[in-house]
Amino acid sequence: MQHFEFNTTPLIKFGSGCLEQLGNITLKKIGNKILIITDKGIIETGIIEKALRSLKEANVDYTIFSDVQADPPESNILESTNLSIEKSVDGIIGIGGGSSLDVAKVTAVLSKQQEKLNEIYGIDNIKGHRLPLILIPTTAGTGSEVTPVSIVTTGKSEKMGVVSNKIIPDAAILDPELTMGLPPHITAATGIDAMVHAIEAYTSKSQNNNPISRSLAKKALRLMGKSIETAVHSGSNIEARSNMLLGSMFAGQAFANSPVAAVHALAYPIGGHFKVPHGLSNALVLPHVLKFNAVTSPHIYSEIAYCVFPNLKGNSSQEIAQEFVEKLSELSKRCGLQQKLSEVGIKSNSLNMLAREAMNQTRLLVNNPRDLNEKDAFHIYKAAL
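Here the sequence shown is numbered in the working numbering, starting from 38 and rising by one per residue.
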């Protein structure tokens with residue numbers, strides 16, 4: 038029997054309206070003096086008010102940092118950390134999309150003043166402790182509330198990962214009501230992102246690819262496969278929103294322990310250089326990476342294809358894998374997402390640069406079921422153009 042380990046958030050609260058429990062959970066897990074890390078959109082939409090009401094009822098003192106940027110730069114994290122230290126908070130609450138949750142994770146580490154940001158990039162480089170941490174997702178996509186990963190933009194465009202089980206939070210609160218106001222294009226992009234997490238976790242070449250992750254990946258794909266279009270086109274459908282949020286979390290748990298691969302590796306330079314949202318970057322390269330991988334590994338895609346599309350008609354693993362890729366492209370299109378790199382402003386003269394930079398994502402590329410070099414990456418980008 039395979040040896041493996043599986044880590045996830047120890048306390049997970051899920052359900053419509055469960056944000057009301059935030060105050061009591063905060064007192065138990067953190068204390069009564071906290072820093073809330075979020076973005077201006079969460080403030081403007083009023084989502085934050087539900088959280089603040091619960092904290093006030095529990096007599097929790099809070100400070101709000103609401104300057105989180107998309108694809109957060111290092112300066113963003115240093116600003117939130119300085120505020121955390123200045124206020125001498127007991128712990129951190131992150132509420133929002135993946136960017137806010139990622140900033141909250143790293144802020145919780147740096148606030149202990151035991152190490153510097155540039156010392157913790159990479160895998161398992163956090164040596165000290167962190168402040169207590171609660172994460173509350175408002176999108177169904179990143180799964181950050183259950184993962185040991187935080188992505189930071191360094192310099193102008195490069196992205197670096199902080200990967201450590203020490204940034205898995207103490208608690209996650211998943212309230213589907215918080216996702217009800219997401220516009221269709223964000224629902225679609227974050228939803229496809231979550232499906233990519235599940236697909237890449239299941240097919241990962243990681244030595245820790247394990248039966249728990251694979252089971253969760255399949256469950257995630259079933260939930261999201263039947264719900265993503267409803268969530269996109271009928272955003273007030275609470276059942277579809279619940280399925281997407283739960284599926285996103287399952288996918289997060291899957292890839293937290295069986296890491297993602299080439300789809301993400303090729304997506305990161307697109308987001309870094311052209312400011313394309315992460316979920317859309319994944320969607321743009323997804324079918325082309327899977328087509329490349331399916332040449333040598335059609336069986337692993339045929340194993341999960343029916344989770345998303347129960348009525349596939351292929352007779353062999355090759356036929357099923359090919360049909361799976363085609364159906365994913367059609368699904369992305371029906372959800373209203375752009376289908377080509379050229380549609381987001383990328384031209385052919387950028388492809389060599391993208392391929393070169395994708396090769397820097399070695400921690401991801403090693404997990405791909407088929408070895409992929411710079412020339413392969415170029416041809417994948419060219420096919421996606």
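The C-beta atom is built at its ideal place from N, Cα and C for all residues, glycine as well.
Fair warning: this is a prediction, and the values are worked out from it, not measured in the lab.
Identify whether residue i lies in helix, strand or coil by the three-state DSSP scheme.
i, result
"alanine 208", "strand"
"phenylalanine 51", "strand"
"leucine 56", "helix"
"proline 110", "strand"
"glycine 78", "helix"
"isoleucine 160", "strand"
"glycine 262", "helix"
"asparagine 404", "coil"
"arginine 167", "coil"
"valine 126", "coil"
"threonine 184", "coil"
"glycine 178", "coil"
"valine 146", "helix"
"glycine 272", "coil"
"serine 385", "helix"
"glutamate 380", "helix"
"serine 121", "helix"
"isoleucine 67", "coil"
"asparagine 202", "helix"
"glutamine 374", "The residue you asked about is not glutamine; residue 374 is leucine in the sequence shown. In this structure, leucine 374 counts as coil in the three-state DSSP scheme."
"lysine 152", "Residue identity check: residue 152 is glutamate in the sequence provided, not lysine. Glutamate 152 falls in the coil class under three-state DSSP."
"lysine 314", "It is proline, not lysine, that sits at residue 314 in the sequence shown. Coil."
"valine 322", "helix"
"serine 252", "helix"
"valine 140", "helix"
"serine 243", "coil"
Which partner residues of residue i appear in the DSSP bridge assignment?
i, result
"lysine 196", "Thr190"
"threonine 100", "Leu72"
"isoleucine 132", "Ile173"
In whole angstroms, what separates the C-alpha of residue i from that of residue j?
i, j, result
"leucine 365", "proline 324", "7 Å"
"asparagine 186", "glycine 159", "Reading off the sequence, residue 186 comes out as valine, not asparagine. Their Cα atoms are separated by approximately 10 Å."
"lysine 384", "glycine 134", "29 Å"
"asparagine 44", "glutamine 290", "8 Å"
"lysine 164", "glutamate 152", "8 Å"
"leucine 48", "aspartate 207", "6 Å"
"glycine 128", "valine 105", "18 Å"
"isoleucine 62", "glutamate 380", "45 Å"
"isoleucine 417", "lysine 312", "20 Å"
"asparagine 410", "methionine 396", "7 Å"
"isoleucine 204", "lysine 142", "6 Å"
"lysine 423", "alanine 209", "Since the first and last residues shown for the chain are 38 and 422, residue 423 lies out of range."
"threonine 118", "alanine 414", "37 Å"
"alanine 358", "alanine 342", "7 Å"
"histidine 40", "glutamate 182", "25 Å"
"lysine 419", "valine 300", "14 Å"
"alanine 88", "serine 136", "18 Å"
"valine 199", "leucine 402", "16 Å"
"isoleucine 309", "leucine 115", "The sequence shown places glycine at residue 309, not isoleucine. One C-alpha to the other measures close to 20 Å."
By the DSSP assignment, the beta strand (DSSP E) with residue i in it spans what residues?
i, result
"isoleucine 173", "170 to 174"
If you measure from the beta carbon of residue i to each beta carbon in chain D, is any gap under 9 Å?
i, result
"proline 296", "No chain D appears in this structure, which consists of one protein chain only."
Taking the alpha helix (DSSP H) that residue i belongs to, which residues open and close that run?
i, result
"isoleucine 229", "221 to 240"
"glycine 309", "299 to 311"
"asparagine 294", "275 to 294"
"phenylalanine 43", "Looking at the DSSP string, phenylalanine 43 is not in any alpha helix (DSSP H), and its letter there is neither H nor E."
"asparagine 389", "388 to 395"
"serine 91", "84 to 94"
"lysine 412", "411 to 421"
May I ask whether a heavy atom of the ligand MN can be found less than 8 Å away from the beta carbon of residue i?
i, result
"isoleucine 341", "The ligand MN is not part of the structure shown, which contains no ligands of any sort."
Can you give, in chain order, each stretch of the alpha helix (DSSP H) that sits fully within the region 326 to 366 and has at least 4 residues? 335 to 345
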